[in-house]
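First the structure, in the form of structure tokens, and then the observations on it.
Numbering (our numbering), first residue to last: 4 to 417.
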């Protein structure tokens, strides 16, 4: 399986200038190639191949006066930008033809130098790890990196990213084998909420930290200061960076919380089942800010790829399953209930239920049924089968491996 490991980098002033040139050249190649393909499509011509674009927009463009500065950066950066454009087009074509599952993907768009996130992608021909702990990037130099953990194997690609608040990150893609944990004797159902972030089927609750809500007061002050600065001034640029840094702190804290909670659940349980919530729909309601602050989708994605990595069982229960309407004690369906009803009594057996705990228990039972039946579908509130969309294992941030596990094998360059 492939995992991605992120590390903070600290380039000096000349290296920041070289990275800025690399970001700009990759963006120009992307926009030039995208423009050629759009113009060919508008004129009714055939799809412009990658080989033709590479010859026109990279090889021959370097010989012209107006694009001679493309030779100042590594050719791998330019070629990889064209490959990324091909991947974007392929995802778009697969989406409109039905080969790609999930949400529809739109066509590629132009990139701007004002985008808050700039990045370049490199293969093993353009970077290497040195014995002194630095990372050499072609035509940039040796970047100082803070190694928070060891790489389990030699990386196959590198992405250098600059975020909105001016931080630089190195993201390595590593091919590694699953790190199977010792078998656990328990499984759990998870009900996600807002008053409590997650309620487990055994009654345990994970409180909602509400990182954005806690930072709102400072964010309002920083946004107010930003709005008072003159557009185009240096003071406005400084104020914008302050706002971006505060948002980055919120995102980092939320991501760290998700990693800790998901790792603890996967480590302590052999199987985990969670309800597939319609986050995009809830994000258009009056609860939008609280829903996005909770970050359910990122948390469920972490649970899924960590279950694959550590040899655990993971299943999603369809969002139409009436987990809050069914009594977990006798199985009687007691009907829908408003959100303000947090406790209710079953009219069949008289059991008093906590709404969230009862839903988590029902998610556990339904998840067990799905896994036992070996089917990728569950029943909705009307009893009709609803097929669940297949979601591959996430290839995002891997989290720190535990001590004593095979993935702790060090890399000689660190």
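Here a beta-carbon is modelled for each residue, glycine too, at the ideal position from N, C-alpha and C.
Reduced DSSP secondary structure (H/G/I, E/B, other) of residue i
{"i": "residue 166", "result": "coil"}
{"i": "residue 273", "result": "coil"}
{"i": "residue 370", "result": "helix"}
{"i": "residue 184", "result": "coil"}
{"i": "residue 324", "result": "coil"}
{"i": "residue 347", "result": "strand"}
{"i": "residue 208", "result": "strand"}
{"i": "residue 20", "result": "helix"}
{"i": "residue 192", "result": "strand"}
{"i": "residue 63", "result": "coil"}
{"i": "residue 313", "result": "coil"}
{"i": "residue 413", "result": "The pLDDT assigned to residue 413 is 35, lower than 50, so where the model puts this residue is not dependable; a value taken from the coordinates is nonetheless given after this. Residue 413 falls in the coil class under three-state DSSP."}
{"i": "residue 96", "result": "helix"}
{"i": "residue 10", "result": "strand"}
{"i": "residue 48", "result": "coil"}
{"i": "residue 229", "result": "helix"}
{"i": "residue 335", "result": "coil"}
Among the options, the one whose alpha carbon lies nearest that of residue i
{"i": "residue 280", "options": "215, 221, 195", "result": "195"}
{"i": "residue 57", "options": "86, 145, 41", "result": "86"}
{"i": "residue 375", "options": "7, 142, 79, 274", "result": "274"}
{"i": "residue 47", "options": "187, 39, 53", "result": "39"}
{"i": "residue 75", "options": "101, 130, 143", "result": "143"}
{"i": "residue 25", "options": "66, 11, 36, 79", "result": "79"}
{"i": "residue 160", "options": "138, 145, 278", "result": "138"}
{"i": "residue 123", "options": "29, 49, 13, 368", "result": "29"}
{"i": "residue 198", "options": "290, 245, 27, 242", "result": "290"}
{"i": "residue 12", "options": "120, 107, 60, 169", "result": "169"}
{"i": "residue 224", "options": "213, 214, 246", "result": "246"}
{"i": "residue 70", "options": "83, 91, 99, 27", "result": "27"}
Alpha-carbon to alpha-carbon, residue j and residue i
{"i": "residue 231", "j": "residue 118", "result": "22 Å"}
{"i": "residue 140", "j": "residue 178", "result": "21 Å"}
{"i": "residue 5", "j": "residue 115", "result": "30 Å"}
{"i": "residue 63", "j": "residue 158", "result": "32 Å"}
{"i": "residue 128", "j": "residue 297", "result": "40 Å"}
{"i": "residue 262", "j": "residue 309", "result": "10 Å"}
{"i": "residue 202", "j": "residue 174", "result": "33 Å"}
{"i": "residue 304", "j": "residue 21", "result": "35 Å"}
{"i": "residue 314", "j": "residue 185", "result": "9 Å"}
{"i": "residue 242", "j": "residue 250", "result": "13 Å"}
{"i": "residue 462", "j": "residue 311", "result": "The requested residue 462 does not occur in the structure, where the chain is confined to residues 4 to 417."}
{"i": "residue 205", "j": "residue 235", "result": "56 Å"}
{"i": "residue 103", "j": "residue 96", "result": "9 Å"}
{"i": "residue 207", "j": "residue 341", "result": "23 Å"}
For residue j and residue i, believed in contact at Cβ under 8 Å, the rounded distance
{"i": "residue 88", "j": "residue 33", "result": "6 Å"}
{"i": "residue 366", "j": "residue 209", "result": "About 15 Å separates the two Cβ atoms, so there is no contact after all."}
{"i": "residue 191", "j": "residue 268", "result": "7 Å"}
{"i": "residue 131", "j": "residue 10", "result": "Incorrect: roughly 15 Å between the Cβ atoms, too far for contact."}
Can you list the alpha helix (DSSP H) stretches of 4 or more residues lying completely in the segment 122-154, in chain order?
none
Which runs of the alpha helix (DSSP H), 4 residues or longer, sit entirely within the segment 235-298?
237-271, 282-285, 291-297
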